[in-house]
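Data first, discussion second: the structure below is written as structure tokens.
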Amino acid sequence: MNYLHLVTTAICIFSLKVHANFKTLDMPKSVRVKIASISLPINLNGSGIMVDNLSLEGIKNVSLIKDDSIKISRSQAWVVQKNSKKLKSSDPILKLDSVSGRIKINLFWYPTPIFLSAKNDNRADVILNLKLNDYIQGVLVGEMPSHWPLEALKAQAIAARSYAYSQLLSRKNEIFHLNANVLDQVYSLQSNLSKEALKAVNETQNEFLFLNQLPLKAYYHSDCGGHTEEPSNVWGVGELKIGTTKDHYCKMRRFEWKYKMAKQRLAQVLGLDALNEDIKIIKSSTGRAEFVEVNGTKISGQDLRQKIGFDKLKSTLFSLTFDENSVTFVGRGYGHGSGLCQWGAKAMALNGKTYLEILRHYYPLAKVSEVFDSKDQSVKL
Ligand SMILES: [Zn+2]
Numbered sequence: 056m057n058y059l060h061l062v063t064t065a066i067c068i069f070s071l072k073v074h075a076n077f078k079t080l081d082m083p084k085s086v087r088v089k090i091a092s093i094s095l096p097i098n099l100n101g102s103g104i105m106v107d108n109l110s111l112e113g114i115k116n117v118s119l120i121k122d123d124s125i126k127i128s129r130s131q132a133w134v135v136q137k138n139s140k141k142l143k144s145s146d147p148i149l150k151l152d153s154v155s156g157r158i159k160i161n162l163f164w165y166p167t168p169i170f171l172s173a174k175n176d177n178r179a180d181v182i183l184n185l186k187l188n189d190y191i192q193g194v195l196v197g198e199m200p201s202h203w204p205l206e207a208l209k210a211q212a213i214a215a216r217s218y219a220y221s222q223l224l225s226r227k228n229e230i231f232h233l234n235a236n237v238l239d240q241v242y243s244l245q246s247n248l249s250k251e252a253l254k255a256v257n258e259t260q261n262e263f264l265f266l267n268q269l270p271l272k273a274y275y276h277s278d279c280g281g282h283t284e285e286p287s288n289v290w291g292v293g294e295l296k297i298g299t300t301k302d303h304y305c306k307m308r309r310f311e312w313k314y315k316m317a318k319q320r321l322a323q324v325l326g327l328d329a330l331n332e333d334i335k336i337i338k339s340s341t342g343r344a345e346f347v348e349v350n351g352t353k354i355s356g357q358d359l360r361q362k363i364g365f366d367k368l369k370s371t372l373f374s375l376t377f378d379e380n381s382v383t384f385v386g387r388g389y390g391h392g393s394g395l396c397q398w399g400a401k402a403m404a405l406n407g408k409t410y411l412e413i414l415r416h417y418y419p420l421a422k423v424s425e426v427f428d429s430k431d432q433s434v435k436l
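Numbering (my numbering), first residue to last: 56 to 436.
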């Protein structure tokens, strides 16, 4: 779990002529990603598996060699069993490593090192320690089709890298920095990146979005429906203003949706006995349902999406129609609408825009900067 901090320098590249140093930062080398939560006991397979933090008559860092099959369970302490041999560790976190660089847990292979973090309900979180670039490659697999244009993939890689850096700083004392799903960013272990996508990650590997001299928690989404949204209008106060933009690029796609539900079912979802009156929409300045008011109670548009289902209420850019028994949401776009609009980024790239132009369009108040190790001060402009 050691995390190597290197003194680095960030160099602004939005204003292309000025290479002014404005901040010293720790260059992130790796991130800890929670990839799964599993029930115990588990079976491990691999070659040359090593389990740290174990003690057996005072011996630490026990290594179990060659095509091992090991059972790990927990009863107040970790119990690692190979054949009739049992080892115990009272540490809450167990570190697994292997000579081959991977270990199979139940049915899935994971890259090592792997950390198992004990949970109360006889479960464990599986946490990977990934080099930042490897993590961004997996996020690109999870978040954007690999065959999309290079400049869109580069913009996506920088947004994902900036988001990761921001979460790493805010969760630096936690067991993991990032969830490998929509709670943070979808990370895939499949290594089926196209050449273009790999190029997009590698050619931008030092580049991050910054705002107020800190890495930006760079939100992104599928389709803004024609106008992006301030994060504070989605998740409330505490979010930085990143600027919004009218987006005619994704409008070319005109993604529209409808979702009809029974009034009684909507009341149930909201924890009400019945809908006594129609729903009122309180819109943000960009036209999204920032809040909806039902029976005198306000709920944020984002919370309503969560309660009904993000795949059903695809965005908060909707209007409502009613009949006697049902409510129909009629909307545009897909996702929360903050930051980079992926379909818009694709259209911009196809229209000849560079990744810097794409990022400037979707994060108007942020800047892209390169971060280098102190020993490598070269600027690649
Ligand atoms: Zn858009």
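All C-beta atoms in this analysis are idealised placements derived from N, C-alpha and C, irrespective of residue type, glycine included.
Assigned with DSSP and collapsed to three states, Gln136 falls in strand.
Of the residues Leu375, Ser201, Thr283, Asp328, the one whose Cα lies closest to the Cα of Ser339 is Thr283. The straight-line gap separating the alpha-carbon atoms of Ser201 and Pro419 is approximately 26 Å. Relative to the Cα of Ala215, the nearest Cα in the group Trp312, Met105, Tyr275 belongs to Tyr275. Ranked by Cα distance from Val385, the options Asp358, Met316, Thr352, Ala329 are led by Met316. In this structure, DSSP gives His416 a helical state, which the three-state scheme calls helix. DSSP, reduced to helix, strand and coil, places Pro270 within a strand of the structure shown. Residue nearest to Ile158 within the set Gly103, Ala255, Ser225 is Gly103 (criterion: CA-CA distance). Boundaries of the beta strand (DSSP E) around Gly386: 381-387.
If you ignore the 5 residues before and after Gly298, its C-beta comes within less than 6 Å of the C-beta of Pro419, Leu420, all in its own chain and listed in chain order. At least one heavy atom of ligand 1 lies less than 6 Å from the C-beta of Gly399.
For Asp333, the CB stays at least 6 Å from every heavy atom of ligand 1. In this structure Ser221 is not in contact with Leu253, their Cβ atoms being roughly 24 Å apart against a cut-off of 8 Å. With contacts defined by Cβ atoms closer than 7 Å, Lys150 and Ala132 do not form a contacting pair. Linking Gly326 to Leu395 through their CA atoms gives a straight-line distance of about 34 Å. For Ser393, the closest C-alpha among the options Met403, Thr341, Ser424, Ser374 is that of Thr341. Cβ neighbours of Trp398 within its own chain (closer than 6 Å, five residues either side excluded): Asp278, Cys305, Arg308. For the pair Leu195 and Gln136, the Cα-to-Cα distance works out to about 37 Å.
For the pair Ser355 and Leu368, the Cα-to-Cα distance works out to about 13 Å. Per the DSSP secondary-structure output, Val423 pairs in a beta bridge with Leu264. In this structure, the CA atom of Glu345 is about 11 Å from the CA atom of Glu285. For Arg178, the uninterrupted beta strand (DSSP E) segment begins and ends at 178-186. Counting along the chain, Met403 sits inside the alpha helix (DSSP H) bounded by residues 397-405. Checking the 6 Å criterion, the Cβ of Asp358 is out of range of every heavy atom belonging to ligand 1. Boundaries of the alpha helix (DSSP H) around Asp358: 356-363. With a cutoff of 6 Å, Asp176 does not count as near ligand 1, since its C-beta is closer than that to no heavy atom of the ligand. When Cβ pairs closer than 8 Å are counted between the two stretches, the segment 82-91 is seen to touch the segment 175-184, the count reaching three or more. Assigned with DSSP and collapsed to three states, Gly101 falls in strand. Sixteen is the threshold: when 16 or more other Cβ atoms of the shown chains lie within 10 Å of the Cβ of Arg129, as they do, the residue is buried.
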